[in-house]
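In my numbering, the protein residues as written are 1 to 174.
For each residue, glycine too, the CB sits at the ideal point set by N, CA and C.
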């Protein structure tokens, strides 16, 4: 009797675990510091693609501040450039993205360090990135007067962006 009940419980647990699957990686390719990543969320059947620097990874020890830059499609189909600083930032001071000698694209970020550029500013920023050498991310930690910076190479960005756009079309995520 106890074995039967235990067997039913284990079987039920296994069946419910199948429904809780997070998703599948549909596409993953790196271009220098940039990675195109497309996935399928199993429960919702929603597909997403993004272009990220550095490559999405499990938390690891990093030299300097941990920063993530993502390019994705907005709800209207236009590009979105997202910044995630993985430490507390000073919300009273702007975060900025700058490509080579171009002007800075600034935004206000909450203490959690998330900012977003969309519309024409995101398009302008992507245009600068396709012709640039380096992307600088600049932010202030609370109580500091000197900005912290993190740089990403743009050497392979144009190939990565073209692959992101083509892969997004193929998977229907744009």
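How is residue 125 classed by DSSP in three states: helix, strand or coil? As a first step, residue 125 must be located in the chain shown, where it is residue number 125. Correct three-state label for residue 125: helix.
Evaluate contact between the stretch 109–127 and the stretch 143–155, counting only Cβ atoms and requiring at least three cross-stretch pairs below 8 Å. no
Touching by the beta-carbon criterion (3+ pairs, under 8 Å), the stretch 163–173 and the stretch 135–155: no
Does the pairing of the stretch 43–54 with the stretch 87–96 give three or more beta-carbon distances under 8 Å? no
For the beta strand (DSSP E) holding residue 52, just list the boundary residues, first then last. For the purposes of this step, residue 52 is taken as residue 52 along the chain shown, with counting starting at 1. Note, residue 52: beta strand (DSSP E), 46–53.
Own chain partners of residue 29 with C-beta closer than 6 Å, once the 5 adjacent residues on each side are dropped: Here residue 29 refers to the residue found at position 29 of the chain shown. So the list reads 36, once near-sequence residues are dropped.
If you follow the beta strand (DSSP E) that residue 114 is in, where does it begin and where does it stop? Translated into the one-based positions of the chain shown, residue 114 becomes position 114. Per DSSP, residue 114 belongs to the beta strand (DSSP E) from 114–118.
For residue 133, which residues from the same chain have a beta carbon less than 7 Å from its beta carbon, with the 5 sequence-adjacent residues on both sides left out? Residue 133 sits at position 133 when you count from the first residue of the chain shown. The answer, listed in chain order, is 100 and 154.
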